[in-house]
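For the sequence shown, the positions run 1 to 159 when full-length UniProt numbering is used.
Note that the Cβ used here is the ideal one computed from N, Cα and C, for glycine as well.
Keep in mind it's a predicted model, so treat the numbers as computed, not measured.
Heads up: the structure comes next, in structure tokens.
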Amino acid sequence: MFTRFSRVSNGGGGGGGGGGVITQMVRYFSKKRAEDVRRINPKVPTPEAAAISQNLYQVIKDHGPLNISSTWSHAQEAAVDGINSKTHMKLLLKWMRGRNMLKLLCHQVGSHKRFYYTTLPEDPNSAEAKNILAMKLETEKNPAKRNTNKKKKLRKTKG
């Protein structure tokens, strides 16, 4: 009886009725849930985290959308006190996202994704807010052209 429900049905006929449902349940429960950024522990007391986050906010605001490594190098140049390591800075950036101080942008070029932190504009209707969303950080790759010669050859051989 157990083997009947453990089979995965590929849509073909025959028995094994509940296989599709089991497969859907396995897919649903195997997904990772999104992390609740509001509950992130900044590993330092809240007043100290607020002071560090103001410095990080200023760095990101001054230098535009930054990825993690650029944020780390700019924070070291600005001598932001209280950041113990790059991992601690990443934790603080997540904490700042949970407090709606920063926004995380994903920029996809071809098959590569790059994530950038940017500040939320003070006035959402300002021109700066529209520029941030419309800004292209890098030129996009041209989509790869598919070789259609194979299809043409198949058509010629059939006809």
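Next item on the list: Within 10 angstroms of the Cβ of residue 119, are there 16 or more other Cβ atoms? Answer buried if so, exposed if not.
Entry: In summary, residue 119 is buried, with 16 or more beta-carbon neighbours lying within 10 Å of its beta-carbon over all protein chains present.
Check: Which whole-angstrom value describes the C-beta separation of residue 96 and residue 53, a residue pair presumed to lie in contact below a C-beta threshold of 8 Å?
Finding: Between residue 96 and residue 53, the beta carbon gap of about 5 Å places them in contact (Cβ cut-off 8 Å).
Check: How is the alpha helix (DSSP H) around residue 90 delimited, first residue to last?
Finding: Residues 86-98.
Item checked: Nearest to residue 170 (by Cα), restricted to the options 39, 98 and 117 -> The question about residue 170 has no answer here: the residues shown for the chain are numbered 1 through 159.
Next item on the list: Locate the alpha helix (DSSP H) running through residue 114, then write down its first and last residues.
Entry: Segment 112-119 is the beta strand (DSSP E) holding residue 114; no alpha helix (DSSP H) there.
Item checked: Integer Cβ distance of residue 72 from residue 94, believed to fall under 8 Å -> About 14 Å; that fails the 8 Å criterion.
Note to self: For residue 44 and residue 112, what's the separation of their Cα atoms in angstroms?
What the structure shows: In this model, residue 44 and residue 112 are separated by some 34 Å (Cα to Cα).
Item checked: Helix, strand or coil at residue 190 [DSSP, three-state] -> Examination of residue 190 is not possible in this model, given that the chain is present from 1 through 159 alone.
Checklist line | Continuous alpha helix (DSSP H) assignments of at least 4 residues falling wholly in the segment 45-70 | finding: Listed in chain order, the complete alpha helix (DSSP H) runs (minimum 4 residues) inside the segment 45-70 are 46-63.
Note to self: Please return the same chain residues whose Cβ sits closer than 7 Å to the Cβ of residue 39, not counting the five positions on each side in sequence.
What the structure shows: Nothing listed; no residue qualifies.
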